[in-house]
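Chemist: Can you keep this structure in mind? I'll have questions shortly.
2 protein chains.
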Amino acid sequence: MHTAQIIQPELILNTQICKENIRQMAGKALASGTLFRPHFKTHQSRGVASWFREVGVTAITVSSLRMAAWFIAAGWKDITVAMPFNLREVSFLEELLPKARIHILIDSVEAVRGLDRRLSMPVGAFLKMDCGYGRSGVGIDDGMAIDRILTAIHQSEHLQFRGFLTHSGHTYHATSREEIVKISLQVAQKMKRLKKRWFRLFPDAIISIGDTPGCSLMDDFSGIDEVRPGNFVFYDLMQENLGSCDRSRIAVAVAAPVLGIYPERNTVIVHCGGVHLSKESIQNSQGVKLFGQVVWLTDSGWQWPAEEIFVTALSQEHGIIQANPGLLRAIQHGALLGIIPVHSCLTVRCFSEYLTTTGERLKIFRP
Amino acid sequence: MHTAQIIQPELILNTQICKENIRQMAGKALASGTLFRPHFKTHQSRGVASWFREVGVTAITVSSLRMAAWFIAAGWKDITVAMPFNLREVSFLEELLPKARIHILIDSVEAVRGLDRRLSMPVGAFLKMDCGYGRSGVGIDDGMAIDRILTAIHQSEHLQFRGFLTHSGHTYHATSREEIVKISLQVAQKMKRLKKRWFRLFPDAIISIGDTPGCSLMDDFSGIDEVRPGNFVFYDLMQENLGSCDRSRIAVAVAAPVLGIYPERNTVIVHCGGVHLSKESIQNSQGVKLFGQVVWLTDSGWQWPAEEIFVTALSQEHGIIQANPGLLRAIQHGALLGIIPVHSCLTVRCFSEYLTTTGERLKIFRP
């Protein structure tokens, strides 16, 4: 790419790092005999999706039925919609079912019955399990609830049981790599036990697990039928902070024009605000909120400054960088800085396209 | 609108409330003899823009040159781009200058000189003042810096000085309505003094002030040449929390399908996450983060429940509502709730269009 040609905020995608992230995760799944069903909610791009195809991926995960439709139109035919199913979308689902193998998520008897009443054709369903995250799903230890829902699925006319699915989002609250691995192994253990318990009624049921911290730090996925990580494709500051990755694995940055340099306030203002980064933040050890980290953009990617420099406040369009003397010396009005995002999934949603380090423009899904 | 036809998250715009917000602010400006130059970064819609035209608005404010171009294409011809000017965009600016009267913001000698060197045609410029917010702009009390920059503008070949502009973003940190009014009056006072001081050199220079809390709570704008509030068009929970408005003035809500009901956790999950509301939050008196407030959607708008119910956590696509017995009794899987956003400007950026209470679909600018 030519940074000299960038005049407005752009989302830069480092092709080489991204492809290497894909290769590594696909390789680990293959070595474990585990189906790799990556979550496409992070990149939301048909172009990046094609890089997954190159390593043999044919099954994917998305976070809405609209996103499923968008990838189906690009030729993807095996899709899990990883949200408790929205009963208002049954007709939309039925439009898509003839075009692809779609699997939906269920976590209550009411949803099973509501769906079964409205459906006129079969659809695959996973039971969404809560293994400690506490967002959605049936408690993994709530045998009675599991029993009730599986019985309802078994009795339903249109739902075909695919297996047990969980998202261990509580790895995001872990304070060490060891804790992430420990949580992940415990979750895998519980899920395997569940599968075994229901083997007689559902011999083909699988277990599906997926969160980037766990999938990045587990040595292998043995005994897990399917993994669904998404964020690993780009990683971000939050993942680096958690220990899921080294910063060299982060594959996206926002190119941000410098709008103002204020040595008296020790700040630099860039055109890179809440509408570019999202308002997701992490905190440093002093409790200061960080919204992004500054890198030096080059035509082939970016370099990390010797001293860490952060975006510490965001308005709608402005990012405020807490500067240091090195930064103040290095830049002029109209310079271009790179800003590594805290949460790449949300940053991607702020843009309509990527500019790749190899100079391509890749469209991003817009619902 | 027909809520029964809504199947996915939609951004609902209450036409009646919005038009009344516009009418009130325009009326106050008119009564004060002040030019009303509303900031369009909140609604980013040509449809809503046309409602401003109905009350006589012809001059507007935007937050990027791309947004300016989009409104120019819809016939707007007098536009202030309220960000310190990005020197990388000079050619883009020159493409737009023949089509509209554009005013840009400057806050350093370097920017004046950099611009003047690159420009080949005249452009109006405001001096961006910092009256205590501390984001961008020249300190209002820094007489020497003001002197240097105004001299540079005066000597420049292409910059035509329009006046002094400030955004009193520090009203957002005020703890009472009285404090907001006090800050606003002090800022107005300082700006008036500045204008007077430079009257001989720049007799046509104006002062321009604009923030929703201040413009909402000041009784009138006497002595202020121009006001540029933006958020007031919709307001939101943050503004209500600040005291800028009553909740009856909030004009947008996200329609959110219910995906899961969890009496055992006292939560409800809706399809309304960080990609719909943004991750902006306010805190309640117990320090709990709030990302949105639940209302009952109707075909003509919404009603506020007797007890306050909030979204207390967000994932990418999920919103987690801290429920109460009334909510748990009132809804079923597939129900539709309204979620009032914390920050309407950022929520608008998450959507491609509004669905109005009168059943229209209005496109939202996508950069």
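Going down the list, the sequences are from chains A and B. Just so we're aligned, residue 211 is where the first sequence starts under the working numbering, counting upward by one. Just so we're aligned, residue 211 is where the second sequence starts under the working numbering, counting upward by one. Built from N, CA and C at the ideal position, the CB exists for glycine as well.
(1) Going by alpha carbons, who is nearest to residue 411 of chain A out of A:357, A:384, A:392, A:466?
(2) Identify the continuous beta strand (DSSP E) that holds residue 477 of chain A and give its terminal residues.
(3) Going along the segment 283-317 of chain B in order, which residues come within less than 7 Å of chain A, judged by CB to CB distance?
(4) Between residue 482 of chain B and chain A, is any beta-carbon pair separated by less than 8 Å?
(5) Between the segment 487-506 of chain A and chain B, which residues of the former have CB atoms less than 9 Å from a CB of the latter, in chain order?
(6) Could you pull the start and end residues of the beta strand (DSSP E) that residue 529 of chain B belongs to?
(7) Between which residues of its own chain and residue 432 of chain A is the CB-CB distance below 7 Å, once the five residues before and five after are set aside?
(8) When the cut-off is 8 Å and only beta carbons count, does residue 535 of chain A lie next to chain B?
(9) Beta-carbon of residue 562 of chain A versus every beta-carbon of chain B: anything under 8 Å?
(10) Would a check of beta-carbon distances place residue 400 of chain B closer than 8 Å to chain A?
(11) Assuming residue 235 of chain B is part of the alpha helix (DSSP H), what are its boundary residues?
(12) Could you tell me which whole alpha helix (DSSP H) segments of length 4 or greater appear in the segment 231-306 of chain B?
(13) For residue 294 of chain A, which of A:282, A:551, A:339 has the nearest alpha-carbon?
(14) Leaving out the 5 sequence neighbours to the left and right, which residues in its chain are closer than 8 Å to residue 427 of chain A when beta-carbon positions are compared?
(15) Whole angstroms are fine: how far does the CA of residue 291 of chain A sit from the CA of residue 274 of chain A?
(16) Mind listing, in chain order, the continuous alpha helix (DSSP H) runs of no fewer than 4 residues lying wholly within the segment 374-461 of chain A?
(17) My understanding is that residue 277 of chain B touches residue 307 of chain B, with C-beta atoms under 8 Å, so please give their C-beta distance in whole angstroms.
(18) Which residue from B:374, B:401, B:418, B:312 puts its Cα closest to that of residue 288 of chain B?
(19) What is the DSSP secondary structure of residue 212 of chain B, counted as helix, strand or coil?
(20) Scan the segment 217-238 of chain A for residues whose Cβ lies nearer than 8 Å to a Cβ of chain E and list them as they occur along the chain.
(21) If I measure Cβ to Cβ from residue 238 of chain B and keep anything under 6 Å in the same chain, skipping five residues before and after, which residues do I get?
(22) Name the chain A residues whose beta carbon is nearer than 8 Å to that of residue 251 of chain B?
(23) What are the residues of the segment 401-427 of chain A that lie near chain B, defined by any Cβ-Cβ distance shorter than 8 Å?
(24) Anything in chain A within Cβ reach of residue 346 of chain B, meaning under 8 Å, just list it in chain order.
(25) Applying the criterion that 16 or more other CB atoms from any shown protein chain within 10 Å of the CB defines a buried residue, is residue 296 of chain B buried or exposed?
(26) Measure the beta-carbon distance from residue 551 of chain B to residue 483 of chain B and round it to whole angstroms, keeping in mind my assumption that it falls under 8 Å.
(27) Classify residue 354 of chain B as helix, strand or coil using the three-state DSSP reduction.
(28) Determine, for residue 462 of chain A, whether the minimum Cβ-Cβ distance to residues of chain B falls below 8 Å.
(29) How is the beta strand (DSSP E) around residue 524 of chain B delimited, first residue to last?
(30) Any C-beta of chain A within less than 8 Å: which residues of the segment 315-343 of chain B qualify?
(31) Span of the beta strand (DSSP E) holding residue 505 of chain B?
(32) How long is the line joining the alpha carbons of residue 249 of chain A and residue 524 of chain B, rounded to whole angstroms?
(33) What does a CB cutoff of less than 7 Å around residue 627 of chain A pick up in its chain, not counting 5 residues either side in sequence?
(34) Considering only DSSP beta bridges, list what residue 566 of chain B is partnered with.
(35) Kindly indicate the opening and closing residues of the alpha helix (DSSP H) around residue 540 of chain B.
(36) List, in chain order, every chain A residue whose beta-carbon is nearer than 9 Å to that of residue 438 of chain B.
Modeler: If we stick to the structure as given:
(1) Of the listed residues, the one whose Cα sits closest to residue 411 of chain A is A:357.
(2) Counted as a single uninterrupted DSSP element, the beta strand (DSSP E) harbouring residue 477 of chain A occupies residues 477-481.
(3) So the list reads 293, 294, 296, 297, 298, 299, 302, 317, given in the order they occur along the chain.
(4) No, because no Cβ of chain A sits closer than 8 Å to the Cβ of residue 482 of chain B.
(5) Cβ contacts with chain B: 488, 489, 490, 491.
(6) Segment 528-532, the beta strand (DSSP E) holding residue 529 of chain B.
(7) Result list for residue 432 of chain A: 242, in chain order.
(8) Not closer than 8 Å to any Cβ of chain B, the Cβ of residue 535 of chain A fails to qualify, so no.
(9) The beta-carbon of residue 562 of chain A is placed less than 8 Å from the nearest beta-carbon of chain B.
(10) Judged by the 8 Å Cβ criterion, residue 400 of chain B is not in contact with chain A.
(11) Boundaries of the alpha helix (DSSP H) around residue 235 of chain B: 225-242.
(12) With a minimum length of 4 residues, the continuous alpha helix (DSSP H) runs that stay inside the segment 231-306 of chain B are 256-264, 275-282, 300-306.
(13) Closest by alpha carbon: A:339.
(14) Taken in chain order, the residues that qualify are 387, 390, 391, 394, 453, 454.
(15) In a straight line, the C-alpha of residue 274 of chain A is about 6 Å away from that of residue 291 of chain A.
(16) Within the segment 374-461 of chain A, the complete alpha helix (DSSP H) runs of at least 4 residues are 387-407, 422-427, 447-452.
(17) Contact flag wrong, Cβ pair sits at about 16 Å.
(18) The shortest C-alpha separation from residue 288 of chain B is found at B:312.
(19) Note: residue 212 of chain B maps to coil in three-state DSSP.
(20) Any reference to chain E falls outside this structure, whose protein chains are A and B.
(21) Excluding sequence neighbours, residue 238 of chain B sits near nothing in its chain.
(22) Ordered by position in chain A, the residues that pass the 8 Å Cβ test against residue 251 of chain B are 526, 527.
(23) Listed in sequence order: no entries.
(24) What residue 346 of chain B touches in chain A: 469, 470, 472, 479, 528.
(25) Burial check for residue 296 of chain B: the Cβ neighbour count within 10 Å reaches 16 or more, so the residue is buried.
(26) Incorrect: roughly 12 Å between the Cβ atoms, too far for contact.
(27) Looking at residue 354 of chain B - three-state DSSP - the assignment turns out to be helix.
(28) Output row for residue 462 of chain A: interface = no.
(29) Segment 520-524, the beta strand (DSSP E) holding residue 524 of chain B.
(30) Against chain A - using a Cβ distance shorter than 8 Å - the residues of the segment 315-343 of chain B are 317, 318, 320, 321, 324.
(31) 502-508 is the span of the beta strand (DSSP E), which, as asked, contains residue 505 of chain B.
(32) Computed Cα separation, rounded: 18 Å.
(33) The question about residue 627 of chain A has no answer here: the residues shown for chain A are numbered 211 through 577.
(34) Answer is B:223, bridged to residue 566 of chain B.
(35) Under the DSSP assignment, residue 540 of chain B falls in the alpha helix (DSSP H) whose first and last residues are 535-540.
(36) Those do not exist, as residue 438 of chain B stays about 14 Å from chain A at its closest Cβ, beyond 9 Å.
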